[in-house]
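Taking it in order: structure first as structure tokens, then the write-up.
Number of protein chains: 2
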Amino acid sequence: MKKFVNDPKQFVPQMLKGIALANPDTITYVPEYNLIMRSDAPNHNKVSIVQGSGSGHEPAHVMVVGPGMLDAACPGDVFAAPPSDYVYQTAKIVASDKGVLLLVNNYTGDRMAFEMAQEMAEADGIKVTTLFINDDVAVQDSTWTVGRRGVAGNFFVIKAVGAKAEQGASLEEVKAVGEKVNSVTRTMGIALTACTPPAKGSPLFELGEDEIEVGVGIHGEPGRRRAKLVSADEIVDELLGAVVPDLPYGSGDRVALMINGLGGTPISELYLLYGIAAEKLAGMGITVAKSYVGEYCTSLEMAGASLTLVKLDDEIEALLDAPASIVNRIF
Amino acid sequence: MKKFVNDPKQFVPQMLKGIALANPDTITYVPEYNLIMRSDAPNHNKVSIVQGSGSGHEPAHVMVVGPGMLDAACPGDVFAAPPSDYVYQTAKIVASDKGVLLLVNNYTGDRMAFEMAQEMAEADGIKVTTLFINDDVAVQDSTWTVGRRGVAGNFFVIKAVGAKAEQGASLEEVKAVGEKVNSVTRTMGIALTACTPPAKGSPLFELGEDEIEVGVGIHGEPGRRRAKLVSADEIVDELLGAVVPDLPYGSGDRVALMINGLGGTPISELYLLYGIAAEKLAGMGITVAKSYVGEYCTSLEMAGASLTLVKLDDEIEALLDAPASIVNRIF
Numbered sequence: 001m002k003k004f005v006n007d008p009k010q011f012v013p014q015m016l017k018g019i020a021l022a023n024p025d026t027i028t029y030v031p032e033y034n035l036i037m038r039s040d041a042p043n044h045n046k047v048s049i050v051q052g053s054g055s056g057h058e059p060a061h062v063m064v065v066g067p068g069m070l071d072a073a074c075p076g077d078v079f080a081a082p083p084s085d086y087v088y089q090t091a092k093i094v095a096s097d098k099g100v101l102l103l104v105n106n107y108t109g110d111r112m113a114f115e116m117a118q119e120m121a122e123a124d125g126i127k128v129t130t131l132f133i134n135d136d137v138a139v140q141d142s143t144w145t146v147g148r149r150g151v152a153g154n155f156f157v158i159k160a161v162g163a164k165a166e167q168g169a170s171l172e173e174v175k176a177v178g179e180k181v182n183s184v185t186r187t188m189g190i191a192l193t194a195c196t197p198p199a200k201g202s203p204l205f206e207l208g209e210d211e212i213e214v215g216v217g218i219h220g221e222p223g224r225r226r227a228k229l230v231s232a233d234e235i236v237d238e239l240l241g242a243v244v245p246d247l248p249y250g251s252g253d254r255v256a257l258m259i260n261g262l263g264g265t266p267i268s269e270l271y272l273l274y275g276i277a278a279e280k281l282a283g284m285g286i287t288v289a290k291s292y293v294g295e296y297c298t299s300l301e302m303a304g305a306s307l308t309l310v311k312l313d314d315e316i317e318a319l320l321d322a323p324a325s326i327v328n329r330i331f
Numbered sequence: 001m002k003k004f005v006n007d008p009k010q011f012v013p014q015m016l017k018g019i020a021l022a023n024p025d026t027i028t029y030v031p032e033y034n035l036i037m038r039s040d041a042p043n044h045n046k047v048s049i050v051q052g053s054g055s056g057h058e059p060a061h062v063m064v065v066g067p068g069m070l071d072a073a074c075p076g077d078v079f080a081a082p083p084s085d086y087v088y089q090t091a092k093i094v095a096s097d098k099g100v101l102l103l104v105n106n107y108t109g110d111r112m113a114f115e116m117a118q119e120m121a122e123a124d125g126i127k128v129t130t131l132f133i134n135d136d137v138a139v140q141d142s143t144w145t146v147g148r149r150g151v152a153g154n155f156f157v158i159k160a161v162g163a164k165a166e167q168g169a170s171l172e173e174v175k176a177v178g179e180k181v182n183s184v185t186r187t188m189g190i191a192l193t194a195c196t197p198p199a200k201g202s203p204l205f206e207l208g209e210d211e212i213e214v215g216v217g218i219h220g221e222p223g224r225r226r227a228k229l230v231s232a233d234e235i236v237d238e239l240l241g242a243v244v245p246d247l248p249y250g251s252g253d254r255v256a257l258m259i260n261g262l263g264g265t266p267i268s269e270l271y272l273l274y275g276i277a278a279e280k281l282a283g284m285g286i287t288v289a290k291s292y293v294g295e296y297c298t299s300l301e302m303a304g305a306s307l308t309l310v311k312l313d314d315e316i317e318a319l320l321d322a323p324a325s326i327v328n329r330i331f
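Just so you know, the sequences run in chain order C and U.
For reference, each letter of the first sequence is one residue, going 1 to 331 in full-length UniProt numbering.
For reference, each letter of the second sequence is one residue, going 1 to 331 in full-length UniProt numbering.
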């Protein structure tokens, strides 16, 4: 295992400390609950937005905390759900008079932690509700889920509910727009390599020198099938062939297109994939109105990428365009 | 070789096409000269800023084109200097009445191409000058340089000259501030793995399972020595031990601290390194006033990181704080 790490057990806390040190004026790290939050939360004029998940998916979710995005993120250890008590404490610390929306990617462990946390928060009189994200079309049920997994498409849900919350909308309105975005968002990913959790020290799975995992999960879970490495054109065909018919997206639609890197793939390759996908979508009569290229939801140092489409309407487009900020905006 | 690529010879053009398709309103790709430019260049009220280099270092430089940054970037093929004629054509296309500043990382091939291009542009009556960036402290001369190499610190030079140009400063003033920033910027990097140029198809060098290259270049060139992989704490000590005494930076200084990923290292590890470095600098009495964590200058899919310090004064800090934008700002 070749990583920049000290004691693997301290990997997550040391990363969180780094985030806070790099954003001293805006971000607070609460080691007691493994929590990253906006230093100015709660703002009682808006619904507070919280997402948690296992670590190892950065920037999701500890690096997308900021105005118009998350008020707090409560990560677990690498690829492990956060303890329900930490989720509860996070909800309690950032709870505003307008309520708390908990966002959860659909994994069994995360669902359990957040459902328990919601009950504990409700017992305290906090107004709280939970929204499950499940944009991954690759498999119906999987190793860690009943139903579809939540992957990089969660960015669009965060962006939309974050913007809606900043407008002063009610908890019900904020959740409704999040459900709407989730309902028109679809993703599929492909892995070129495996990844190694720091505490495990060895790869989660094995891929041959000429093999790829089609429909891979963000914890290295199996997807649809193991295949031979093919050209970037054929990989984009495979991804669009799974994503486009699923909603379906069709001629006349306006979409957001995201090419998300899984951690070990350089951005040069992501733009190459983007260009191919944008041209193929144009050929189907689908207009790419907004583009997203980079790392949004990773799987440690896995080489690979996912493709996400969001069907836009005026409401969603305006929410995606609204001002927002995350950790370490450089200018 | 596992990459998202079609014909390796088309890797760079297909990436550039992707950048343009993802930024249709702001960025123009000129295939004839392998050129990425602001669609609104030239602006005759400001000096135009151009940087070129081999490809494979993205986001440098084709993805840092935009207001307050580069007016154009002219990349070569992967790890190869751009042809002097393409640099000349780029300078000519974006030349403004106030002149053109060419930025070049100090590599022999790039210097030759840019010096010839400057002569050709001057023969056309274009007001043009060239600034060489050489922030890498690792080695004095190296495989591809006489003198020090230019690496991730080039970001700070681009940001400063970009901001100064937007203020309407003269070519001489813009160049002077770039030279000043270069003179107070120092970088050193460490590689955990090698990288594979698409057209070569095999790694540029070999590193053992427990080995690192201390002071690596961004084309995989040897650095100071081959060493055993050590803890993140010890790696930060090694990097600070090379960078801090070089200027030197000392107690009472305000600095910008950048942890730059070399392409294959996830951002979680970069923040972990950032936190360690920030604390060690505080222990030396050095104040980190601005932080930069992410990928700025990469080496294809190489796992590794570099650490950059910039000694700040009020002028430099204001230029770094000035508004700017690059390709695919998401909000």
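Cβ atoms here follow ideal geometry from the backbone N, Cα and C, with glycine treated the same way.
Sheet register partners of residue i (DSSP bridge)
| i | result |
| --- | --- |
| V62 (chain U) | Beta-bridge pairing links V62 (chain U) to no other residue. |
| I49 (chain C) | C:L101 |
| A191 (chain U) | U:E213 and U:G304 |
| M284 (chain C) | None; M284 (chain C) has no bridge partner. |
| P75 (chain U) | U:S53 |
| S142 (chain U) | U:T145 |
| V255 (chain U) | U:V288 and U:K311 |
| G223 (chain U) | According to DSSP, which records beta bridges pairwise, G223 (chain U) is partnered with nothing at all. |
| N260 (chain C) | C:G294 and C:S306 |
| residue 343 (chain U) | With chain U represented from 1 up to 331, any question about residue 343 (chain U) goes unanswered, as that position is not in the structure. |
| T129 (chain U) | U:L101 |
| D136 (chain C) | C:T187 |
| K228 (chain U) | U:E211 |
Beta-carbon proximity list for residue i, same chain, < 6 Å, skipping 5 on both sides
| i | result |
| --- | --- |
| A163 (chain C) | G68, L319 and A322 |
| V157 (chain U) | I133, G178, V181 and N182 |
| L103 (chain U) | Q51 and L131 |
| Y274 (chain C) | I259 and V293 |
| G201 (chain C) | M1 |
| L281 (chain U) | V288 |
| D253 (chain C) | I286 and K311 |
7 Å CB neighbourhood of residue i in its chain, flanking five on each side removed
| i | result |
| --- | --- |
| G264 (chain C) | T193, E301, M302 and A303 |
| R226 (chain U) | E211 and E213 |
| D97 (chain C) | H44 |
| L270 (chain U) | I259, G261, V293, G294 and A305 |
| K9 (chain U) | A199 |
| M63 (chain U) | I19, I326 and V327 |
Within-7 Å CB hit, residue i to chain B
| i | result |
| --- | --- |
| V255 (chain C) | Absent from the structure: chain B. Protein chains present are C and U. |
C-beta atoms of residue i and residue j nearer than 7 Å
| i | j | result |
| --- | --- | --- |
| T28 (chain C) | M37 (chain C) | yes |
| V184 (chain C) | K311 (chain C) | yes |
| I218 (chain C) | S299 (chain C) | yes |
| V230 (chain U) | L257 (chain U) | no |
| N106 (chain U) | G147 (chain U) | yes |
| Y249 (chain C) | A152 (chain C) | no |
| V94 (chain C) | D71 (chain C) | yes |
| I276 (chain C) | A242 (chain C) | no |
| A138 (chain U) | G215 (chain U) | yes |
| S251 (chain U) | G223 (chain U) | no |
| G56 (chain U) | V30 (chain U) | no |
| I267 (chain C) | E58 (chain U) | yes |
| T196 (chain U) | D135 (chain U) | no |
| L204 (chain C) | G220 (chain C) | yes |
| A165 (chain C) | V47 (chain C) | yes |
Neighbourhood of residue i by C-beta, 8 Å cutoff - its chain only, sequence neighbours within 5 removed
| i | result |
| --- | --- |
| F114 (chain U) | G52, S84, V87, L102, V104 and T130 |
| E206 (chain C) | A194 |
| M112 (chain C) | A81 and S84 |
Of the residues that make up the region 233-248 of chain U, which ones have a beta carbon closer than 8 Å to any beta carbon in chain C? D233 and I235
What are the residues of the region 218-232 of chain C that lie near chain U, defined by any Cβ-Cβ distance shorter than 8 Å? L229, S231 and A232
What residues in the region 47-63 of chain C bring their beta carbon closer than 8 Å to a beta carbon of chain U? S55, G56, E58, P59 and M63
I'd like to know if the region 324-331 of chain C and the region 17-24 of chain U are in contact, where contact means that at least 3 CB-CB pairs between them fall below 8 Å. no
Along the region 12-27 of chain U, where does the CB come closer than 7 Å to a CB of chain C? Name the residues. Q14, M15, K17, G18, I19, L21 and A22
Please list, in chain order, the residues of the region 274-287 of chain C that have any C-beta partner in chain U closer than 8 Å. Y274, G275, I276, A278 and E279
Relative to chain C, which residues along the region 165-184 of chain U have a C-beta separation below 7 Å, given in chain order? none
Mind checking the region 138-164 of chain U against chain C and listing, in chain order, the residues whose C-beta falls within less than 8 Å of any C-beta there? K159
For the region 28-45 of chain U, which residues have a CB atom closer than 9 Å to at least one CB atom of chain C, in sequence order? none
Please list, in chain order, the residues of the region 291-317 of chain C that have any C-beta partner in chain U closer than 8 Å. S291, Y292, V293, G294, E295, T298, L300, E301, A303 and A305
Against chain C: residues of the region 202-218 of chain U by CB proximity under 7 Å: none
Which of the residues in the region 256-268 of chain C, read from start to end, lie with their CB under 8 Å from any CB of chain U? G263, G264, T265, P266, I267 and S268
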